[in-house]
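In the numbering used here, the protein residues as written are 1 to 205. The structure appears right after this line, and notes come after that.
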Ligand SMILES: [Zn+2]
């Protein structure tokens, strides 16, 4: 715990004071512009890779950046999406998968989930990744198959996202756009799924 306590000391002494006015504005309200849905993986630090500040991103995370389909009942992801769209009126939802995702590795190797019944049930939601698996990229070498499946999962979860009632409504009214991203940990690059071309393209060219 020492690292966390030292980190918080640093925040209180060096980070917070120059931002006091910003935090004052945020103390009793928020108006984030984006809902960011990503994996629980420790290597994804949204504010670091996107240059965003407190108050910018409304975030929900889980193993595999999964969005259960809208018809599958209530869950924390659905509630977060509904709140973001209907109350916070975010204009964009970004669903971001990432390289070397343990959730998709586990989907390929069910044996690794032998003693994890809850994770096994949760990962039933990534089955759509196999349907939407992208062509492997040879340059990705031994990681190509997994990366292709992870990209497929982004597409599958994007389709699920569109079935959420609030998303369906707001997108139909032109109030909301949804985006599918793939973040590569090794290079730091983000790719965006182009629904017209049906492929992932660099976010920054
Ligand atoms: Zn992951």
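The beta-carbon is built from N, C-alpha and C at its ideal position, and this holds for glycine as well.
For residue i, the nearest candidate out of the options (CA to CA)
| i | options | result |
| --- | --- | --- |
| residue 104 | 148, 191, 93 | 148 |
| residue 184 | 162, 168, 99, 153 | 99 |
| residue 25 | 186, 96, 90, 56 | 56 |
| residue 32 | 107, 120, 84 | 84 |
| residue 91 | 75, 131, 169, 65 | 169 |
| residue 132 | 80, 36, 154, 112 | 154 |
| residue 196 | 12, 189, 70, 180 | 180 |
| residue 82 | 187, 163, 200 | 163 |
| residue 65 | 45, 4, 30, 101 | 101 |
| residue 175 | 200, 70, 87, 47 | 87 |
| residue 34 | 22, 80, 23 | 80 |
| residue 187 | 140, 1, 29 | 140 |
| residue 198 | 156, 4, 173 | 156 |
C-alpha gap between residue i and residue j, whole angstroms
| i | j | result |
| --- | --- | --- |
| residue 159 | residue 125 | 12 Å |
| residue 94 | residue 116 | 29 Å |
| residue 171 | residue 10 | 42 Å |
| residue 130 | residue 6 | 44 Å |
| residue 89 | residue 182 | 24 Å |
| residue 128 | residue 121 | 14 Å |
| residue 193 | residue 203 | 9 Å |
| residue 97 | residue 22 | 30 Å |
| residue 167 | residue 136 | 30 Å |
| residue 1 | residue 45 | 20 Å |
| residue 27 | residue 165 | 30 Å |
Which residues DSSP lists as bridging residue i, in chain order
| i | result |
| --- | --- |
| residue 92 | 34, 177 |
| residue 190 | 183 |
| residue 199 | 194 |
| residue 59 | 36 |
- Would you be able to state if there are at least three C-beta pairs under 8 Å between the segment 108–119 and the segment 43–59? no
- Query: Between the segment 74–82 and the segment 12–23, are three or more C-beta pairs nearer than 8 Å?
  - Reply: no
- Message: Check whether the segment 28–45 and the segment 58–73 touch, using three or more Cβ-Cβ pairs below 8 Å as the test.
- Response: yes
- Message: At 4 residues or longer, what runs of the alpha helix (DSSP H) sit wholly inside the segment 83–142?
- Response: 102–108, 117–122, 128–131
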